[in-house]
């Protein structure tokens, strides 16, 4: 796919820790795929419109079919494409939601200016600052809230972002396909310290996760 | 009387004062349109300089050019200035300048209101510029999300400048929108039915109605947030029953229509210019009208797509995702109608047409990225990254600035009356368009690589450096292009080579006059029989100059124009316009004191200024009243019509009606906010509901029936006043039932509801009293009928909002 | 003026129904109604909105368009169809999705 062609050209020698197009989990992967589909479709449509303008420009003066331009190109064509796209987007969106399941791990995230504090349903009382521990290859539901202003929880390589709104708890499903460290960001502008408002997600292998749950500081 | 004598007589009647005084006292739409556009161009330059500072800062990683405290002010003000002080006023200026000329009228419906709106814009804009120069500009981002923008997290005066300054500027948007709506519906040449109306007028009408219904939620939000900041009313504080998301709903209820408020006038310009440049008529004209109306209404159902990441349930997101894809359909209809127009005509590559083509090349991409972010999961990744920054600049620059540059080069010969002199504009084109794409195309990609918008600098190593330096260099190329446009305009305005009257061979009425336009526009008003009068009757300009149309006889020695019935274009009555006056400028200065008092917390000044505004308004309105009737007067071509002061629904009634549309949207937004807090906000219910007992309810019901009946009988105006006082008493009693509005958002909402009711009861009382004054002064019944209907409209509205507002406040305590 | 209102009416009715049903779902999520019942309430509301649009279309067809002329009648009927399609397009897909998550 075009990803394979484009990516090395633009990204050689870079460290893509924040890239949405270098997914490291199922949610981000589905959305990255959606992006490549959207890009391909958009390139096709842009090209078609450009060719149509060129044709229109060179065509000699004379009547054109209003029906063809308005109903065919203006109504039928976009409505077909958009209906398909809408269905695709909604189906994906539904799959990405935090549905209940046996494997799901629950954690909490509380944002403040300018720090993150994480808690664990499986390990009550344990708090980690600016580092979120999760098991790899298992769905994790992050219950996100804020202690002051609005922030957003975003780990670009794992999933989309969700806001931390004071007084509300929003739940985001994330999952890392393999163990490792993933960069996370506060992704809603929140004042002078915005740039540095990040955190790290550490995805453990099963043994590492067990060790974490037993209170061993990793 | 020959054409020259007629020109001299009309010029004497219509001319603005000479010299600098003319700037302050002019109420002429040509003057004010040019002033609006010049000032908004100034703000475009200011916003552009801020953009250059942003790109300078982001040119390299770990930039030491400026720190976050300055950067945050700069990006906030860049967005704020471009949206509120450039784009909207530029539309207002273009519409103010063009509409009467296109519609075959001599001025807009309310010339002094145009001037008042202009000066509010200037004074409000000056406030914003002052904050920027003083280093105390707003710094919470142009959408000002609380709690970040509220007292705890932004204790300084910065946010107040935004909330108060922008609200002040919005007066001009509302004033212009009322003006434009009434003008398009009524101030047309005889015979110009809705179907024969130029397409630009359709777009302007749609846009103006959108401003009337789109801006009130923002004005409400700004007032609520300022009340929270100034007096501790906790609308957005979750601990006290408020909710930060309420702001986002109110802001985007405005913010999304705003995008189309900016795009639609540009689309109107395209629909006007592109067929002329293609030597043909617009393809699918009725479809384009239907598209414009569809876009306008659909755009009000999109606001939540700016909130896809706020945790709203998927079912609700689906509604807005579907609406956001649907809105692309009418856009597509227009784009393909325009391409079809090029296809059926003989396109010519003049500079305005080049800008139309650059619009296609840019806006199509912006539209497609717009469809992308309408897809919910993709937005979860793209939201608040540079992908969005790139998308919105493609839409706003591609969809507004480029067509407006086309419009600039299309109508510049009309404004200056001169031939395009120097080919600098072509050079500028080739700097701006590639510069634009160089700046923004790759920024989509850097957003997907994780670059968040609004970060003040970035670390190397993410693959962002090359893209950012390309963007920065390209942005300076684009800036040089804009500078050349500016020089081009100055050169063209200064070099005196007289141009021909209709250089593009257009068919619309604005080219049926000598250019630059005389202050009276048309020496006589045409009878319209088609959509392109100049194509059907090429000799029309001469006929009009010879006085063969309507109102060609200046012997009544006053500023007159005609109005028509909205649908059919049948002439209805004569309007007599006021002359030059500094009153609008004075009144907007006093309005400015009102806002200044709020801003610097000199609260004693606020009621004083409010009384000052009222005094100005009374002087203003009293001058319109005519003690004695004149009866039907000849308007030429064998027709006699009454004048506006002797009809049942004069322009003031129409203006009031559309002002009340905006006011009603404001009130509706307030009720929405109340319902939102009640159902969604945490920490509800409050400790106690308002329980005021039976007396206020009785006063309210009694006052309602009394006011409804009395406002319909001329002699009973004192009873209307008494009914308003009774309802005001009821509102005050409700207020006393919730003594501390700072303790919970419910109590705060009750105060705002009751305060809103009292304000409108007061307005209705003043209207009824004003009508009474004309009776006491002995004005003839023939000349006060319209005024009576206006007073009744305001009285009915006051009754409605009193019942609904106070009812809603008392509702939860009833059970 | 009546003509302008007729042009604006169907889509304004769409906007009102759209906002109301969005609000209705928000409110239903705060109650402890079962999912099936809540979905039925929403579905009935959407069907009512569709029926209202059909009614508006029929009414606009029967209106007197003498003064406005056939072009604007066509525009008004087009807008009524847009509103009808729009009601279905914007409100139906959501009914199949997670209601309060």
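Chains as they are written, first to last, in the working numbering: chain A, 857 to 1074; chain B, 1033 to 1847; chain C, 671 to 771.
Every residue gets a Cβ at the ideal spot worked out from N, C-alpha and C, and that includes glycine.
Computed from a predicted structure; not experimentally measured.
Next item on the list: If I'm right that residue 1160 of chain B touches residue 1193 of chain B with Cβ under 8 Å, what's the distance once you round it to whole angstroms?
Entry: Stepping through the second chain from its first residue, residue 1160 of chain B is reached at position 128. Stepping through the second chain from its first residue, residue 1193 of chain B is reached at position 161. Correct: roughly 6 Å between the Cβ atoms.
Check: Just the Cα atoms here: how many angstroms apart are residue 999 of chain A and residue 1389 of chain B?
Finding: For the purposes of this step, residue 999 of chain A is taken as residue 143 along the first chain, with counting starting at 1. For the purposes of this step, residue 1389 of chain B is taken as residue 357 along the second chain, with counting starting at 1. Looking at the backbone, the Cα of residue 999 of chain A and that of residue 1389 of chain B are separated by about 49 Å.
Checklist line | Between the CA atoms of residue 1522 of chain B and residue 1650 of chain B - distance to the nearest angstrom | finding: Position 618 of the second chain, counting from 1, holds the residue named residue 1650 of chain B. Position 490 of the second chain, counting from 1, holds the residue named residue 1522 of chain B. The alpha-carbon atoms of residue 1650 of chain B and residue 1522 of chain B are separated by roughly 41 Å.
Checklist line | Neighbour flag for residue 1434 of chain B against chain A, beta carbons, 9 Å | finding: Your numbering for residue 1434 of chain B matches position 402 in the second chain. Chain A, which has no Cβ nearer than 9 Å to the Cβ of residue 1434 of chain B, makes this no.
Item checked: Chain-order list of residues whose beta-carbon lies under 8 Å from that of residue 1052 of chain A (same chain, five-residue window excluded) -> Counting from one through the first chain, the residue named residue 1052 of chain A turns up at place 196. Correct list, in chain order: 970.
Notebook entry, point to check: Roughly how many angstroms lie between the CA atoms of residue 1049 of chain B and residue 1150 of chain B, to the nearest whole one?
Noted result: Against the second chain, residue 1049 of chain B aligns to sequence position 17. Against the second chain, residue 1150 of chain B aligns to sequence position 118. Whole-angstrom Cα-Cα distance: 17 Å.
Notebook entry, point to check: Looking only at its own chain, which residues have a Cβ that is under 7 Å from the Cβ of residue 760 of chain C, when we skip the five neighbours before and after it?
Noted result: Position 90 of the third chain, counting from 1, holds the residue named residue 760 of chain C. Cβ neighbours of residue 760 of chain C beyond the five flanking positions: 688.
Notebook entry, point to check: Checking contacts by CB at 9 Å: is residue 1069 of chain A closer than that to chain B?
Noted result: Residue numbering aside, residue 1069 of chain A sits at position 213 when the first chain is read from its first letter. No, because no Cβ of chain B sits closer than 9 Å to the Cβ of residue 1069 of chain A.
Note to self: Can you pull the chain C neighbours of residue 1324 of chain B, defined as C-beta to C-beta under 7 Å?
What the structure shows: For the purposes of this step, residue 1324 of chain B is identified with residue 292 of the second chain, where counting begins at 1. Those within 7 Å of residue 1324 of chain B in chain C number zero; the least Cβ separation is about 10 Å.
Check: Is the CB-CB distance between residue 1244 of chain B and residue 1215 of chain B below 9 Å?
Finding: As a working mapping, residue 1244 of chain B is identified with position 212 in the second chain. As a working mapping, residue 1215 of chain B is identified with position 183 in the second chain. Not closer than 9 Å, so no.
Next item on the list: Examine chain B for any beta-carbon lying closer than 9 Å to the beta-carbon of residue 988 of chain A, and answer yes or no.
Entry: As a working mapping, residue 988 of chain A is identified with position 132 in the first chain. Not closer than 9 Å to any Cβ of chain B, the Cβ of residue 988 of chain A fails to qualify, so no.
Check: Taking just the CA atoms, how far does residue 1171 of chain B sit from residue 1016 of chain A?
Finding: On the first chain, position 160 is the one that residue 1016 of chain A refers to. On the second chain, position 139 is the one that residue 1171 of chain B refers to. Their Cα atoms are separated by approximately 26 Å.
Next item on the list: Apply the 10 Å Cβ neighbour rule to residue 1635 of chain B and answer buried if 16 or more other Cβ atoms are within range, or exposed otherwise.
Entry: For the purposes of this step, residue 1635 of chain B is taken as the residue at position 603 of the second chain. The residue in question, residue 1635 of chain B, is exposed, as its Cβ has fewer than 16 Cβ neighbours within 10 Å.
Checklist line | When B:1520, B:1517, B:1477, B:1686 are compared against residue 1499 of chain B, the one with the closest alpha-carbon | finding: Here residue 1499 of chain B is taken as the residue at index 467 of the second chain, counted from 1. Ranking B:1520, B:1517, B:1477, B:1686 by Cα distance to residue 1499 of chain B puts B:1477 first.
Check: Considering only residues of the same chain and omitting the five flanking positions on each side of residue 1340 of chain B, which have a CB-CB separation below 7 Å?
Finding: Mapped onto the second chain, residue 1340 of chain B falls at position 308. Cβ within range, chain order: 1349, 1408, 1411, 1412, 1415.
Notebook entry, point to check: I think residue 1274 of chain B touches residue 1713 of chain B, with their Cβ atoms under 8 Å apart; what is that distance to the nearest whole Å?
Noted result: Taking the second chain and counting its residues from 1, the one referred to as residue 1274 of chain B is at position 242. Taking the second chain and counting its residues from 1, the one referred to as residue 1713 of chain B is at position 681. Rounded, the Cβ-Cβ distance is 6 Å, consistent with contact.
Margin query: Does the CB of residue 1028 of chain A have a neighbour CB from chain C at under 9 Å?
Written below: Residue numbering aside, residue 1028 of chain A sits at position 172 when the first chain is read from its first letter. For residue 1028 of chain A, the answer is no, since every Cβ of chain C falls outside 9 Å of its Cβ.
Check: Since residue 1330 of chain B contacts residue 1231 of chain B with CB under 8 Å, what's their CB separation in whole angstroms?
Finding: For the purposes of this step, residue 1330 of chain B is taken as residue 298 along the second chain, with counting starting at 1. For the purposes of this step, residue 1231 of chain B is taken as residue 199 along the second chain, with counting starting at 1. Not confirmed; about 19 Å, so no contact.
Next item on the list: Can you have a look at residue 955 of chain A and say buried or exposed, based on whether 16 or more other CB atoms are within 10 angstroms of its CB?
Entry: Taking the first chain and counting its residues from 1, the one referred to as residue 955 of chain A is at position 99. Exposed, because fewer than 16 other Cβ atoms sit within 10 Å of the Cβ of residue 955 of chain A.
Next item on the list: Look up residue 974 of chain A in the DSSP assignment and say whether it is helix, strand or coil.
Entry: Position 118 of the first chain, counted from the first residue, corresponds to residue 974 of chain A. Of the three classes helix, strand and coil, the one that applies to residue 974 of chain A here is strand, per DSSP.
Note to self: Among the candidates B:1081, B:1163, B:1655, B:1033, whose CA atom is the shortest distance from the CA of residue 1512 of chain B?
What the structure shows: For this step, residue 1512 of chain B is matched to residue 480 along the second chain. When only C-alpha atoms are compared, the closest one is B:1081.
Check: So, helix, strand or coil for residue 1072 of chain A, using DSSP?
Finding: Residue numbering aside, residue 1072 of chain A sits at position 216 when the first chain is read from its first letter. In the structure shown, residue 1072 of chain A sits in coil (DSSP, three-state: anything other than H, G, I, E or B).
Notebook entry, point to check: DSSP state of residue 1039 of chain B, grouped into three classes?
Noted result: One-based indexing of the second chain puts residue 1039 of chain B at position 7. Helix at residue 1039 of chain B.
Notebook entry, point to check: Between the region 1022–1036 of chain A and the region 987–1006 of chain A, do three or more beta carbon pairs fall short of 8 Å?
Noted result: yes
Checklist line | Rounded C-alpha distance that separates residue 1812 of chain B from residue 1148 of chain B | finding: Counting from one through the second chain, the residue named residue 1812 of chain B turns up at place 780. Counting from one through the second chain, the residue named residue 1148 of chain B turns up at place 116. For residue 1812 of chain B and residue 1148 of chain B, the distance between alpha carbons rounds to 30 Å.
Notebook entry, point to check: With 16 as the cutoff for other CB atoms within 10 Å, does residue 1133 of chain B come out buried or exposed?
Noted result: Residue mapping note: residue 1133 of chain B aligns to position 101 of the second chain, counting from 1. Buried, because 16 or more other Cβ atoms sit within 10 Å of the Cβ of residue 1133 of chain B.
Item checked: Members of the region 1044–1062 of chain A near chain B, C-beta cut-off 8 Å -> 1044, 1045, 1046, 1047, 1048, 1049, 1050, 1051
Note to self: Please return the same chain residues whose Cβ sits closer than 6 Å to the Cβ of residue 1827 of chain B, not counting the five positions on each side in sequence.
What the structure shows: Here the question's residue 1827 of chain B lines up with position 795 in the second chain. Excluding positions up to five away in sequence, the list reads 1739, 1743, 1752, 1796.
Next item on the list: Taking only runs that begin and end inside the region 1466–1547 of chain B, name each unbroken alpha helix (DSSP H) of 4 or more residues, in chain order.
Entry: 1497–1526
Checklist line | Whole-Å CB distance - residue 1126 of chain B paired with residue 1439 of chain B, under 8 Å assumed | finding: Counting from 1 along the second chain, the entry for residue 1126 of chain B is found at position 94. Counting from 1 along the second chain, the entry for residue 1439 of chain B is found at position 407. Right, the Cβ-Cβ distance comes to about 7 Å (below 8 Å), so this counts as a contact.
Next item on the list: Could you list which residues in chain C have their beta carbon closer than 8 Å to that of residue 1332 of chain B, in chain order?
Entry: Counting from 1 along the second chain, the entry for residue 1332 of chain B is found at position 300. Ordered by position in chain C, the residues that pass the 8 Å Cβ test against residue 1332 of chain B are 685.
Notebook entry, point to check: Is there at least one Cβ from chain B nearer than 9 Å to residue 720 of chain C's Cβ?
Noted result: Here residue 720 of chain C refers to the residue found at position 50 of the third chain. It does not: the Cβ of residue 720 of chain C has no partner Cβ on chain B nearer than 9 Å.
Margin query: Suppose you measure from the CA of residue 1106 of chain B to the CA of residue 1144 of chain B; what does that come to, to the nearest Å?
Written below: Sequence index remark: in the second chain, residue 1106 of chain B carries index 74 (1-based). Sequence index remark: in the second chain, residue 1144 of chain B carries index 112 (1-based). Whole-angstrom Cα-Cα distance: 35 Å.
Next item on the list: Specify the secondary structure class of residue 770 of chain C as computed by DSSP and reduced to three states.
Entry: For the purposes of this step, residue 770 of chain C is taken as the residue at position 100 of the third chain. Coil.
Notebook entry, point to check: What does residue 771 of chain C reach in chain A if we use C-beta pairs closer than 8 Å?
Noted result: Within the third chain, numbered from 1, the residue matching residue 771 of chain C stands at position 101. Per Cβ cutoff of 8 Å: 953, 954, 955, 1027.
Check: Among B:1403, B:1515, B:1094, which residue has its Cα nearest to the Cα of residue 939 of chain A?
Finding: Taking the first chain and counting its residues from 1, one reaches residue 939 of chain A at position 83. Of the candidates B:1403, B:1515, B:1094, the one whose C-alpha sits nearest the C-alpha of residue 939 of chain A is B:1403.
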